[in-house]
Amino acid sequence: MSLDRREFLGLSALGAGALGTGPMAFAGLDTTGIAAAERPLRLLILGGTGFTGPFQVAYARARGHEVTVFNRGRNTQVLPEAVEQLTGDRHLGELDALRGRRWDAVIDNPSTLPHWVHDMGKVLHEHTERYLFISTVSVYDFEGLTHIDEDSPVLSYSDGDPLDIRAETFTPAIYGHMKAACEHEARRWYGERATIIRPTLIVGPRDGTDRFTYWPWRLARGGDIVAPGDGLDPVQIIDARDLAEWTVRMAESGAPGNYNAAGPRSRLTMAEQLYGIRAALSGDLELQIHWLPAAFLAQHGVSAWSEMTTWFGPRDPVSEVGIERAVAAGLSFRPLATTTADTLEWFRSQPAERQATLRAGLAADKEAAVLAAWQARGGREGR
Ligand SMILES: NC(=O)c1ccc[n+]([C@@H]2O[C@H](COP(=O)([O-])OP(=O)(O)OC[C@H]3O[C@@H](n4cnc5c(N)ncnc54)[C@H](OP(=O)(O)O)[C@@H]3O)[C@@H](O)[C@H]2O)c1
């Protein structure tokens with residue numbers, strides 16, 4: 384298994400830090416028509432000012448919940464009125480602001496280090512009804528698996544006690560192992576009161592990684608576009624807003640257990656994703672998508688995932704995790720067209736220098752060179 388696939392999702396609080404985009408209408412989430420929940424909750428959101436957190440905050444407020452966020456207070460984003468902000472650094476175990484308080488539910492967004500979950504469990508397990516941990520599909524031990532659901536085996540860490548791993552000793556290669564160990568800590572402290580949510584690639588407006596954004600942006604530029612494989616490889620993504628809204632509803636329902644959070648509802652292929660994005664773009668676009676075989680791309684140094692974003696390679700089961708349990712528990716999906724249009728609108732509202740340097744995707748000169756090499760060979764496109 385490639386390192387890319389192991390480490391691919393997340394690493395929010397360890398490396399990149401919060402990905403907030405500065406002042407704007409809070410998270411830009413349209414809360415029109417959102418009905419109040421049957422029972423208002425006292426909700427503690429750990430993190431809450433990064434990528435998905437602000438959507439949770441906005442949605443939870445619209446549902447009528449009392450919201451507290453806990454983070455280091457480094458993000459300049461102005462929180463909505465009535466959201467309480469408590470501060471502390473989880474690297475340093477600074478949790479005093481939370482002691483002696485009670486919450487109906489806690490959503491833990493940024494934890495990748497098991498000791499974060501452990502330390503928090505000590506302080507909160509007797510003072511909260513429910514703990515929701517945002518994990519990742521990278522916890523699965525994909526080796527040899529052709530189908531993945533919530534009962535599939537997860538990674539275990541054998542190089543020592545995961546509770547000893549600190550930011551300084553963490554490496555991306557152990558991301559999945561550490562998230563699995565975090566899940567273990569969550570169950571240890573909260574038992575049946577734990578809800579584990581395992582998202583696939585989280586996308587949409589405010590995504591600081593550009594992994595999905597690359598495709599709407601690239602297609603909107605038009606011209607000759609390099610795409611990977613034969614178009615039939617599976618893809619899974621989850622709009623951060625769908626994930627955030629459902630997470631809050633899971634806090635309300637209190638459903639226990641593990642849930643994969645991936646979209647869309649039915650199977651999506653790479654070609655369906657790209658032509659779906661194309662259909663959502665307005666204007667007279669002149670473009671041609673060239674499907675180049677995976678082996679040819681690899682020979683020419685084009686990487687799955689970081690350059691051919693959202694793609695893991697031919698028929699990879701990581702992009703086909705079962706979502707039946709989450710759908711039965713109320714996970715719902717915006718159309719790909721909405722995610723595309725909103726992502727592009729958001730990206731175009733960013734400062735020019737941010738727009739000029741995408742953080743993922745194939746560079747224009749490399750794309751042209753690879754396509755020229757393929758055409759010089761007179762190759763037939765596809766797998
Ligand atoms: N992105 C993906 O595609 C993807 C896919 C699968 C799973 N995931 C998982 O999804 C979660 C999503 O995270 P997110 O970025 O959306 O979370 P978030 O809650 O929106 O943002 C990260 C938050 O953590 C806070 N934080 C960072 N370091 C901290 C510290 N030392 N102590 C206390 N608070 C700290 C940040 O605020 P301050 O900086 O002010 O402290 C910020 O509020 C992560 O657990 C990730 O593993 C991500």
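Residue numbers (this note's numbering): 384 to 766.
Even for Gly, the Cβ is constructed at its ideal location relative to N, Cα and C.
Only counting the same chain, and skipping five residues up and downstream in sequence, which positions put a Cβ closer than 6 Å to that of Arg661? Excluding five sequence positions before and after Arg661, the CB atoms of its chain that fall closer than 6 Å to its own CB belong to Leu602, given in chain order.
Q.
What I want to know is whether the C-beta of Ser494 ends up closer than 7 Å to one or more non-hydrogen atoms of ligand 1.
A. Flag set: Cβ of Ser494 near ligand 1.
### Query
Which two residues bound the contiguous alpha helix (DSSP H) that contains Pro437?
Gly436 to Ala445
Quick check: what's the CA-CA separation for Leu367 versus Asn454?
With the chain running from 384 to 766 in the structure shown, residue 367 is simply not present.
| Which whole runs of the alpha helix (DSSP H) in the segment 642–668 are 4 residues long or more, in chain order? | Counting whole runs of 4 or more residues, the segment 642–668 contains the alpha helix (DSSP H) stretches 653–663.
- Task: Quick one: which unbroken alpha helix (DSSP H) runs of 4-plus residues sit fully inside the segment 556–592? Chain order, please.
- Result: 558–573
Beta-carbon proximity check, Ile580 vs Tyr540, cutoff 8 Å: Against a cut-off of 8 Å, the Cβ pair of Tyr540 and Ile580 comes out as no contact.
Check your understanding: From Arg549 to Arg570, what distance separates their C-alpha atoms?
Key -> 21 Å
Please classify Arg425: does DSSP put it in a helix, a strand, or coil?
DSSP places Arg425 in strand when its eight states are reduced to three.
- Message: Is any non-hydrogen atom of ligand 1 found closer than 7 Å to the C-beta of Gly587, if you look at the structure I gave you?
- Response: no
Practice task
For Arg708, write down the residues that DSSP places opposite it in a beta bridge.
Solution key: For Arg708, which the question treats as bridged, DSSP gives no partner whatsoever.
Assuming the contact rule is C-beta atoms closer than 8 Å, Trp486 and Leu426 should be a hit. Round their C-beta distance to whole Å, please. 7 Å
If the criterion is Cβ atoms closer than 8 Å, does the pair Pro423 and Glu449 meet it? yes
Closer than 7 Å to a non-hydrogen atom of ligand 1 - does that hold for the CB of Gly430? Yes, ligand 1 has a heavy atom inside 7 Å of this Cβ.
**Item:** Where Leu402 sits in the DSSP three-state scheme
**Value:** In this prediction, Leu402 scores a pLDDT of 35, lower than 50, which makes its location untrustworthy; the coordinate-derived value is nonetheless stated afterwards. Leu402 falls in the coil class under three-state DSSP.
Take Gly574 as the anchor and find which of His560, Val631 and Pro639 has the nearest alpha-carbon. Taking only the C-alpha atoms, the option nearest Gly574 is Pro639.
Problem - Cα-Cα separation between Val704 and Ser494, rounded to whole angstroms - result: C-alpha separation (whole angstroms): 22 Å.
Next item on the list: Within the same chain, show all residues whose beta-carbon is closer than 6 Å to that of Ala687, passing over the 5 residues directly before and after it, in chain order.
Entry: Hits under 6 Å: Trp694, Phe695 and Gly696.
When the Cα atoms are used, what is the spatial distance from Gly431 to Pro437? 5 Å
Expected contact under 8 Å - CB spacing of Ile621 and Pro582 to nearest Å: 5 Å
message = In whole angstroms, give me the CA-to-CA distance for Arg632 and Ile417.
response = 12 Å
**Prompt:** Going straight from the alpha carbon of Val685 to that of Ala610, what length do you get?
**Reply:** 11 Å
With C-beta atoms as the reference, is Val440 less than 8 Å away from Leu462? yes
**Report entry** Beta-carbon proximity of Thr592 to Arg742, cut-off 8 Å
**Finding:** yes
Reference Arg472; option with closest CA among Thr459, Asp502, Val522 and Ser521: In the sequence as displayed, the identity of residue 472 is Asp instead of Arg. Looking at the Cα atoms, Asp502 is the closest of the given residues.
Using the DSSP secondary-structure output, state which residues sit across from Gly640 in a beta bridge.
Thr578
task: Tell me whether His474 counts as near ligand 1, meaning its Cβ is closer than 7 Å to at least one heavy atom of that ligand.
output: Indeed, a heavy atom of ligand 1 lies less than 7 Å from the Cβ.
If we count the other Cβ atoms within 10 Å of its Cβ and call it buried at 16 or more, is Thr722 buried or exposed? buried
Rounding to the nearest angstrom, what Cα-Cα distance links Arg457 and Leu496 in this structure?
19 Å
Review point. Residue range of the beta strand (DSSP E) that Arg513 falls in?
Key: Thr511 to Ile517
- prompt: Are Arg713 and Trp629 touching if we call contact CB-CB under 8 Å?
  reply: The sequence shown places Gly at residue 713, rather than the Arg named in the question. Contact: yes.
For this session: Would you tell me roughly how many angstroms separate the C-alpha atoms of Leu340 and His510, rounded to the nearest one?
Result: It is not possible to answer for residue 340, since the shown part of the chain is limited to 384 through 766.
- Task: Please state whether DSSP places Ala752 in a helix, a strand or coil.
- Result: Of the three classes helix, strand and coil, the one that applies to Ala752 here is helix, per DSSP.
Under the rule that 16 or more other beta-carbon atoms within 10 Å means buried, what is Asp542, buried or exposed? exposed
Look up Met691 in the DSSP assignment and give the residues it is bridged to.
Ala687
task = Note the first and the last residue of the continuous beta strand (DSSP E) segment covering Gly504.
result = Segment Pro497 to Leu507 is the alpha helix (DSSP H) holding Gly504; no beta strand (DSSP E) there.
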